[in-house]
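Colleague:
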Amino acid sequence: MERLLTGDRVTGKLHLGHYVGSLKNRVELQSQVDSLIMLADVQALTTHFEQPDQLAHHLKQVTLDYLSVGIDPNQSTIFVQSMIPEIAELTVYFSMFVTINSLRHNPTIKAEAKENGYEDLYYGFLGYPISQTADITFCKATVVPVGEDQLPHMEQTRKIIRRFNQLYAPIFQEPQAVVGEFPRLIGLDGSSKMSKTKGNTINLDATKEEVHAKIKKATTDPARVRKSDPGHPEVCPIYSYHQAFRKEAVTDIYDGCTNAKLGCVECKQMIAASINHLLEPMRERRNIVLKQPRQIDEILEAGTARARNIGKQTMEEVREAMSMSYF
Ligand code: ATP
Ligand code: MG
1 MERLLTGDRV TGKLHLGHYV GSLKNRVELQ SQVDSLIMLA DVQALTTHFE
51 QPDQLAHHLK QVTLDYLSVG IDPNQSTIFV QSMIPEIAEL TVYFSMFVTI
101 NSLRHNPTIK AEAKENGYED LYYGFLGYPI SQTADITFCK ATVVPVGEDQ
151 LPHMEQTRKI IRRFNQLYAP IFQEPQAVVG EFPRLIGLDG SSKMSKTKGN
201 TINLDATKEE VHAKIKKATT DPARVRKSDP GHPEVCPIYS YHQAFRKEAV
251 TDIYDGCTNA KLGCVECKQM IAASINHLLE PMRERRNIVL KQPRQIDEIL
301 EAGTARARNI GKQTMEEVRE AMSMSYF
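Each residue of the sequence shown is one higher than the one before, counting from 1 in the numbering used here.
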């Protein structure tokens, strides 16, 4: 059976970008493959090392988001990254043969370093693609659902695996990245990616009113001042949301906007209604879980115990491959 590994940094609530970029795929795949879903608390520290006290809260929040979108803990193993020491061990071994230049040239690292205003890069931040390779290999995952920003890391992962297999013994298979239908959802402010840390999101736990209010304030085509001005849907975040959440209506929206027949207010009301329609069943599931919040801890404990067992087995093979089974 194929094994799937994916995860999210525990830096805040999950949003619509996560849903279309990755969560939707996970829900669809969980009945077909052995799914492991990781709460990336160590990776969160690569940028949030000053606030480790936030992790516990975010961990619960993200788990609640998972359950609300329909990730089923009986089908998917949800676990905590920092509680799998094998991931840290593998990171160390892989880092011996990954060069600084190959990390520096990774386009996602470059973009994120710029966003975070880093000039002198932190060692852990620069090296997080190596740690991600360890996340994937500790459980020998073959399928990895990710957003587009993760593709350079997946390429780096495949290279590290090839090198390991060639240096020591061929114990790892090269994994496949599975990009969602909408690999990069734009932010409400029109910036290139809806992102937790940029505050340009519609979170999965947003109320009806919040969805309407956020959409109302969202950026649109700046060249369209009056309804009578023809719009340019290709530069409008709202149009991209129609593409993501109202596929059946995109032709009408495009025509209405470019012919100046459809105004932004009406266009925004339609997309807000569709987003609310998508979020409604998630709100219901969330409320059911919140009636018994203790189950979140139980799910994480059971999932982490299973992941730990898998890690131990892999580590035995790694030590064997590296001739490091001493006694
Ligand atoms: P942060 O700003 O803290 O990095 P993030 O919003 O980028 O948070 P991550 O936890 O880094 O979220 O990403 C988790 C997964 O969700 C990754 O596979 C990523 O590619 C995907 N993802 C995140 N944002 C989007 C988006 N706007 N569109 C599509 N996929 C996304
Ligand atoms: Mg990110």
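Just so you know, even glycine gets a beta-carbon here, dropped at the ideal spot from N, CA and C.
On a predicted model such as this, the values are computed, not experimentally measured, just so you know.
Any heavy atom of ligand 1 closer than 6 angstroms to the CB of L11?
Modeller: Stepping through the sequence shown from its first residue, residue 11 is reached at position 11. Rather than Leu, the amino acid found at residue 11 in this sequence is Thr. Indeed, a heavy atom of ligand 1 lies less than 6 angstroms from the Cβ.
Colleague: Determine the direct distance from the alpha carbon of P183 to that of T201, and round the result to whole angstroms.
Modeller: Looking up residue 201 in the sequence shown gives position 201. Looking up residue 183 in the sequence shown gives position 183. In a straight line, the C-alpha of T201 is about 15 angstroms away from that of P183.
Colleague: Assess, as a yes-or-no matter, whether the region 70-90 is touched by the region 117-125 under the definition of 3 or more beta carbon pairs within less than 8 angstroms.
Modeller: No contact exists between the region 117-125 and the region 70-90.
Colleague: Between the Cα of F172 and those of R308, V146 and Q313, spot the shortest distance and give me the residue it belongs to.
Modeller: As a working mapping, residue 172 is identified with position 172 in the sequence shown. If we check each option's Cα against that of F172, Q313 comes out closest.
Colleague: Let me know if R9 comes out buried or exposed under the rule of 16 or more other beta-carbons within 10 Å of its beta-carbon.
Modeller: For this step, residue 9 is matched to residue 9 along the sequence shown. R9 comes out buried.
Colleague: Taking E148 as the reference, give the member of T251, M324, T108 and P170 with the closest Cα.
Modeller: As a working note, residue 148 is residue 148 in the sequence shown. Of the listed residues, the one whose Cα sits closest to E148 is T108.
Colleague: How about R26: is its Cβ closer than 6 angstroms to a heavy atom in ligand 1?
Modeller: Here residue 26 is taken as the residue at index 26 of the sequence shown, counted from 1. Because no heavy atom of ligand 1 lies under 6 angstroms away, the Cβ of R26 does not count as near it: no.
Colleague: Thinking C-alpha only, which one of I310, E317 and M322 is nearest M83?
Modeller: Taking the sequence shown and counting its residues from 1, the one referred to as residue 83 is at position 83. When each option's Cα is compared against that of M83, the closest is I310.
Colleague: Would you mind stating whether L188 and A134 have Cβ atoms separated by less than 7 angstroms?
Modeller: The count along the sequence shown starts at 1 and reaches residue 188 at position 188. The count along the sequence shown starts at 1 and reaches residue 134 at position 134. No, these two residues do not count as a Cβ contact at 7 angstroms.
Colleague: For the beta strand (DSSP E) holding Q176, just list the boundary residues, first then last.
Modeller: Position 176 of the sequence shown, counted from the first residue, corresponds to residue 176. Q176 to V179 is the span of the beta strand (DSSP E), which, as asked, contains Q176.
Colleague: What number of angstroms, rounded off, separates the C-alpha of M38 from the C-alpha of L290?
Modeller: Counted from its first residue, the sequence shown places residue 38 at position 38. Counted from its first residue, the sequence shown places residue 290 at position 290. Taking the straight line from one Cα to the other gives about 21 angstroms.
Colleague: Grab me the residues of G303's own chain with a C-beta within less than 6 angstroms of its C-beta, minus the 5 sequence neighbours each way, in chain order.
Modeller: For the purposes of this step, residue 303 is taken as residue 303 along the sequence shown, with counting starting at 1. Once the five neighbours on either side are set aside, the close Cβ partners of G303 are T77, I78 and F79.
Colleague: Verify whether the separation of the beta carbon atoms of R3 and T142 is less than 7 angstroms.
Modeller: The sequence position of residue 3 within the sequence shown is 3, counting from 1. The sequence position of residue 142 within the sequence shown is 142, counting from 1. Yes, they are a contact pair.
Colleague: With DSSP collapsed to three states, give me the class of G7.
Modeller: Position 7 of the sequence shown, counted from the first residue, corresponds to residue 7. Here G7 sits in strand by DSSP.
Colleague: Can you give me the Cβ contacts of V235 inside the same chain, cut-off strictly under 7 angstroms, excluding the 5 residues immediately before and after it?
Modeller: Against the sequence shown, residue 235 aligns to sequence position 235. If we look at V235 and ignore the five residues flanking it on each side, its Cβ neighbours are D221.
Colleague: Consult DSSP for S274 and reduce its assignment to one of helix, strand or coil.
Modeller: Position 274 of the sequence shown, counting from 1, holds the residue named residue 274. In the structure shown, S274 sits in a helix (DSSP, three-state: H, G or I).
Colleague: Taking only runs that begin and end inside the region 165-218, name each unbroken beta strand (DSSP E) of 3 or more residues, in chain order.
Modeller: Segments of the beta strand (DSSP E) lying fully in the region 165-218: 176-179.
Colleague: For G17, which residues in the same chain have their Cβ closer than 6 angstroms to its Cβ, ignoring the five residues on either side in sequence?
Modeller: By one-based count along the sequence shown, residue 17 stands at place 17. So the list reads L185 and M194, once near-sequence residues are dropped.
Colleague: On a Cα-Cα basis, can you pick out the residue from R308, I271 and Q166 that is closest to A321?
Modeller: Numbered from its first residue, the sequence shown carries residue 321 at position 321. Of the listed residues, the one whose Cα sits closest to A321 is Q166.
Colleague: Report yes if the C-beta distance between F125 and T46 is below 7 angstroms; otherwise report no.
Modeller: Sequence index remark: in the sequence shown, residue 125 carries index 125 (1-based). Sequence index remark: in the sequence shown, residue 46 carries index 46 (1-based). Yes, they are a contact pair.
Colleague: Excluding sequence positions up to five away, which residues of its chain have a Cβ less than 7 angstroms from the Cβ of M1?
Modeller: Numbered from 1 along the sequence shown, position 1 holds the residue referred to as residue 1. Taken in chain order, the residues that qualify are V33 and D34.
Colleague: In terms of residue numbering, what span does the alpha helix (DSSP H) encompassing K40 cover?
Modeller: Reading the sequence shown from its first residue, position 40 is the one you call residue 40. The question names Lys, but residue 40 is Ala in the sequence shown. First-last for A40: D34 to A40, but that is the beta strand (DSSP E), not the alpha helix (DSSP H).
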